[in-house]
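Quick note on the working numbering: the sequence shown kicks off at 993 and runs consecutively.
We treat Cβ as the ideally placed atom computed from N, Cα and C, and that holds for glycine.
Encoded as structure tokens, the structure appears first; notes follow it.
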Amino acid sequence: MATATFENQPSTLDKPFWSVFALNWEKTAFLVLIVLALVTRFYGLGDRVMSHDESLHTQYAWYLYANGNYAHDPVMHGPLKFHLTAFFYWLLGDNDFTARIPTAIMGVVAVWLCYFFRPWLGRWGALLSGLLMLISPYQLYYSRYIRDEPYVMVWGLLMALMILYYVKTRQMKFLYGLVAVSALFHATMETSFIYVAIFLVFCAMHFAWELYLSEWPEGTDAQRRQFVAALGLAVLAAAVGVAIFLYNDRLGLEGTAFTPNVNQPDEAAPVASTSGLALWADLAWLIALGSGTFALWTVVHAFGEGIRRFATLDVVMILGLFVLPQASAFIVSGLGFNPINYNPPPMNGFEPGIFFTSDMGVTILVLALMFAASVLLGYIWNWPVFLIASAIFWAIYIPLYTTFFTNGNGLATGLVGSLGYWLSQHGVRRGSQPWYYYLVINLPMYEFLPTLGALIVGGLGLRWLFNRPPKTETDTREPKPINAPLPFPALVFIGFWAVMSTVGFSIAGEKMPWLTTHIVLPMILLTGWLVGQLVEKIDWTHFRQHRAWLVAVLVPLTLVAVLNVFGILLGDNPPFQGGGLTQQNATLGFVSAALVAGIGIAALYQLGQPLGWVNVLRLTALSFFGLLALITARSAFIASYVNYDYANEFLVYAHGARGVKTVLEQIEDISERTQDGLGLKVAYDDDIAWPMTWYFRDFKNQAYFADQPTRDKLDAPVVVAGSQNWSRVETLLKDNYYKFEYIRMVWPMQDYFPRPDKTIGERIVVSLADPQMRQALFNIWWNRDYTKYGELTAQSFDLAQWPLADRMRLYVRKDIAAQIWQYGVGPTVLDTQPIQDPYADFRQTLTATVIFGAQGQGEGQFDGPRGVAVAKNGDIYVADSRNHRIQVFDANGQFKLAFGTPGKIDDGTGLNGGTFNEPWGVAIGPDGSVYVADTWNHRVQKFTAEGEFLTMWGRFGQDGALDAFYGPRAVAVGLDGRVFVADTGNKRVAVFDANGVGITSIGQGGFEPGFLDEPVGLGVDAAGTLYVADTWNQRVQLFRADPATNQYLFSGEIPVEAWPGQSVENKPYLALDSQGNIYLTEPEGYRVLVFNSEGQFTTTWGDAGNDASTFALLSGVAVDVDGNVIVADPGNARVMKFPPALP
């Protein structure tokens, strides 16, 4: 026997290098595509600003890289991208470029994978699919974007390839490869369920059709009937379950008005909606599962080992068996429980009756049931293969979701939480896009080439289906022999994938631009096949023999000329409309294009006869697709390399703007020049936390203050804040900082949202019928130029002032700016010491002795408590503004009564006394009567101490009449019974007697003494002197009555270093104690200021927070007879009672 020796075995190292590649022109072309993919995916990869979602992914991957701290959270999809991104941080460092390397690699792999579709698309079809993948605007853009979509492109293509190759070859490596890819897919994104459903349904239909055409073994007629019945029941039950699910959750068939909103990463997930219908859906799923199991058993029992020939059955089982446990969230939510509540119920020890009726207990039971069903089906199908497949799947899935066994809870968040959370989000309809979002906006704007190609393929398929030769009487269906497999229709498979992706993502509640990548993916394959067929069917040899080079030149030139003719005719400046220069240019352009088109058509007619008209038509079609490919590549280039940081592209949403990196560069420069490193203290809020948390990760002295800025945290050379917190921040920063404003995040124009007066079809027809609007829409499509559209719709789409944008401000302290001239106003010598808070040295800490209230609508709960007043007996009256009522408490905060109901004068519901529309002010008269400033009903109402209505007066107006109010915010009553009303919007105080008879008015708009600007808080002392919180003039003004004229005259003012903001919340209130001390609230400064009767500042207390000595916002203030200070804290939905602030 001859034996092989080590010496005579050829070594791989001895083989010629190029023999490994064995390059031909086809492989060389693909190699060129791969090189171009590398260039296009990696060039300038770190230039674009990280968008909101990207920054979450980069930052949490950085946590994993920096300290191993990562736990899967369904909010940010699967864990795979975090592991891969952290790996590249470790390998190459952490920055914007390296964060996007894994997705860029996936973009290159997607182009490469098209090569392996050659057996079904043809050699040219696969090559052209790779080209289309290369130039696709969505595939290119999101290959340079740290999201899950680039991974999904690869997993989707690989799943399709594994299915096609397994059905073709029956090699187990492809089936096990399908298992591995599906595990990676499930660890990437929840769209895996959509892909699995599409592939599984098609393969199941193919298997059923194959069974229908097959000859069943002898003596199995009963099993066949049982199979048909069980399968029919399973299909019907599954259809009912799907229909109920779609109806119950209303997955986004209509869009709503756009409201830009930054989704916070820690926002609590809403629970999927439940109803009685959902229980029926669960029953339908269970019936489908049971019937399907029985149908499978009958087939296995009937065919025995012969079942192995049905390749698509193996695919169905592999795809379905590992989805079953992960589908538990469907069942749990349908039963009325929350599948993403992982907390056990309160129990004394373990109480099964309580545990197994809780969210957690029911989820565990359902999960166990689904695992059992998976194992049972695997046992019936092919137990050895199922065991190997299970080992592969869970060996990938478990380490990724548990962060390599450091996060055990990841199994729950993966198996149940992933699908459970995103089911609820589809009900929320994040983005609120209309059902036609992809069909009318995204595909025509960018992916017109693959869309057109897929439609043509679909039309060819329908033509083949309906034009088949009719069957004759001699045609009979011959059953397939038991061992004869049915051919797998690859193109129909890809077409089904394209249709179901379009339908599925269009009816899904969450519609986002990046999801377009899923719809386009199979369309690219179909279009590649179509154009490949054109290339292969053209008789190129015949062309070379008949001067085809001239036709090849004339066809695209003529095509461009014809398109220009129609473009000029349909534009806003058609030919032959006048003698002006613009009209002459249009006419000459039209004549030139028509002349070239005519000559080209005539020449093609002459040259086309010897070449054959079919060949010429095919070449024309190929030229047309080539032109579309050129336009597509241009769109991709502009979106990825020119407009990548701007809002004029439609393929983005909640998109990071250039201002982010501009701010970062300035802060880094300031830090380097003042700290010799990144040691600068930088304070920032929650509104700009993403992406700034990522960009500030290397700053050693970050000060994150969320939505509650404090003086300590804002004691920083640089502060960055979003628009939600500007007024609060600027209240504390005062005039100590220079302010610079930038766009942080943008949304694309969304005028395509539904309107009640017209359907989207009617709007398209009307727009295209108008030459001006037609030209405006073309300008947007061709150049992303919104100028003409803005003129026609009276809107501005200037990129620097983009209307759908979220802005931020950079604050640089003036002493720092003085050292770095370009951040100040020039080389002016400034005081190197920042202006100090004039009240800081007198600050004290007071702790509330009584705190009552919580957010809500029940007794003793508040929603925006504003004004407060104290009666002689110590009862506390609170204007519960957004609950549209007055609540009364005793001195210890115990609820006594409430009066008032919601009602608006505008809609007729607030005409009666006792109805309120956000009352802000409340006061107690000397006789115990209660006066309420019914702010947005623009009136004052009077009640008894028990809440019985007595009278009311006032109306909306700005005509100067005493009873004409505009948003009165406060009311005060003197000892003589006179009622003073802060008519805030009219910039005055109106005076009435106790029954609402007008006496006089005080002040008018202005800043001089006696003039008012946004008067709010009022107080009247024992002598009848009126104190007014003159908000925007930042002072308290005093007015005394002139007995001779009955007018109130200016008698003094107290400057206040507070109230600089003009937000709706910055409405300060005022109270006086028995000693004449003045108590002022500083709403967005989170403190109370106290001045003595001479106007001298004495003390202050408070800061941002939610404990017994801090506030989230301040509003009303009152002082009782014992000197206790009662303060409304609407930010924390509570009222606080403090001991006397003065000795």
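Original post:
Is it the case that the Cβ atoms of ARG2032 and PRO2007 are separated by a distance below 9 Å?
Top reply: Contact flag unset, no.
Original post:
By Cβ distance, which residues of its chain are closer than 7 Å to MET1042, with the 5 residues on each side in sequence left out?
Top reply: THR1050, ASP1088, GLY1648, PRO1683 and TRP1686
**OP:** Kindly identify the DSSP beta-bridge partner or partners of ALA1029.
**Re:** In the DSSP output, where bridge partners are listed per residue, ALA1029 has none listed.
Original post:
Under a three-way DSSP split, which group does PHE1972 fall into?
Top reply: In the three-state reduction of the DSSP assignment, PHE1972 falls in the strand class.
Original post:
Alpha carbon to alpha carbon, what distance is there between LEU1156 and PRO1763?
Top reply: 49 Å
Subject >> Nearest-angstrom beta carbon gap, LEU1403 and ILE1384 [assumed within contact, 8 Å] >> reply: The Cβ separation is near 17 Å, so there is no contact.
**OP:** Within the same chain, show all residues whose beta-carbon is closer than 8 Å to that of LEU2072, passing over the 5 residues directly before and after it, in chain order.
**Re:** GLY2009, ALA2021, VAL2028, VAL2048, ALA2050, PRO2060, TYR2061, LEU2062, VAL2080, LEU2081, VAL2082, PHE2083 and VAL2109
Subject >> Sequence ranges, alpha helix (DSSP H) only - wholly within the segment 1290-1319, length at least 4 >> reply: 1303-1313
Original post:
Roughly how many whole angstroms lie between the Cα atoms of PHE1440 and ILE1093?
Top reply: 28 Å
Subject >> Reference LYS1019, options LEU1119, HIS1044, TRP1082 and GLY1070, closest by Cα >> reply: LEU1119
Subject >> Integer Cβ distance of VAL1554 from THR1612, believed to fall under 8 Å >> reply: Not quite, the Cβ-Cβ distance comes to about 10 Å (not below 8 Å), so this is no contact.
Original post:
Is DSSP giving TYR1393 helix, strand or coil here?
Top reply: helix
**OP:** Could you tell me which of MET1145, ASP1872, LEU1411 and ILE1138 sits nearest to GLY1122, measuring between CA atoms?
**Re:** MET1145
Subject >> Check whether VAL1721 and ALA1708 have beta carbons under 9 Å apart >> reply: no
**OP:** Grab the span of the beta strand (DSSP E) containing VAL1674 for me, first residue to last.
**Re:** It spans 1673-1677 - the beta strand (DSSP E) in which VAL1674 sits, taken as one unbroken run.
Subject >> Separation of ALA1890 from THR1976, as counted between CA atoms >> reply: 26 Å
Original post:
Do you know offhand how far ASN1978's Cα is from GLY1995's?
Top reply: 10 Å
Subject >> Coil, strand or helix - PRO1252 by DSSP >> reply: Model confidence at PRO1252 stands at a pLDDT of 36, short of 50, so the residue's coordinates are unreliable; what they give is reported in the following sentence. Under the three-state reduction of DSSP output, PRO1252 falls in the coil class, being neither helix nor strand.
Original post:
Which two residues bound the contiguous beta strand (DSSP E) that contains PHE1697?
Top reply: It spans 1693-1698 - the beta strand (DSSP E) in which PHE1697 sits, taken as one unbroken run.
**OP:** Could you please give me the residues that DSSP links to VAL1738 through a beta bridge?
**Re:** HIS1647 and ALA1797
Subject >> Same chain only: Cβ atoms within 6 Å of VAL1588, ignoring 5 sequence neighbours per side >> reply: ALA1553
**OP:** Select from VAL1358, GLN1853 and GLY1099 the residue whose C-alpha is nearest the C-alpha of GLY1845.
**Re:** GLN1853
Original post:
To which residues does DSSP link LEU2072 through a beta bridge?
Top reply: Partner(s): LEU2062 and LEU2081.
**OP:** Taking 8 Å as the threshold, find out whether the segment 1695-1705 comes into contact with the segment 1780-1798 through three or more Cβ pairs.
**Re:** No, the segment 1695-1705 is not in contact with the segment 1780-1798.
**OP:** Taking only runs that begin and end inside the segment 1489-1557, name each unbroken alpha helix (DSSP H) of 4 or more residues, in chain order.
**Re:** 1508-1529 and 1532-1537
**OP:** Classify TRP1386 as helix, strand or coil using the three-state DSSP reduction.
**Re:** helix
Subject >> Segment contact, 8 Å Cβ cut-off, at least three pairs: the segment 2089-2102 with the segment 1834-1851 >> reply: Verdict: yes, contact present.
Original post:
What are the start and end residues of the alpha helix (DSSP H) that includes TRP2093?
Top reply: TRP2093 -> not in any alpha helix (DSSP H); beta strand (DSSP E) instead, spanning 2089-2093.
Original post:
Since ILE1448 is in the alpha helix (DSSP H), which residue starts that stretch and which ends it?
Top reply: Element bounds for ILE1448: 1440-1458.
Subject >> Reference ASP1955, options VAL1989, SER1047, THR1095 and LEU1522, closest by Cα >> reply: VAL1989
Original post:
On the three-state DSSP scale, how would you describe ALA1639?
Top reply: coil
Original post:
What are the boundary residues of the alpha helix (DSSP H) that includes GLN1811?
Top reply: 1806-1811
Original post:
Where does VAL1652 fall in DSSP's three states?
Top reply: helix
**OP:** Check the DSSP bridge columns for LYS1888 and list the partner residues they point to.
**Re:** Per DSSP, none; premise fails for LYS1888.
Subject >> Residue from ALA1863, ALA1078 and TRP2024 whose Cα sits closest to the Cα of ASN2116 >> reply: ALA1863
Original post:
Excluding the five sequence neighbours on either side, which residues of its own chain have a C-beta within less than 6 Å of the C-beta of SER1627, listed in chain order?
Top reply: Listed in chain order, the non-local C-beta contacts of SER1627 below 6 Å within the same chain comprise PRO1129 and TYR1438, local neighbours out to five positions each way being set aside.
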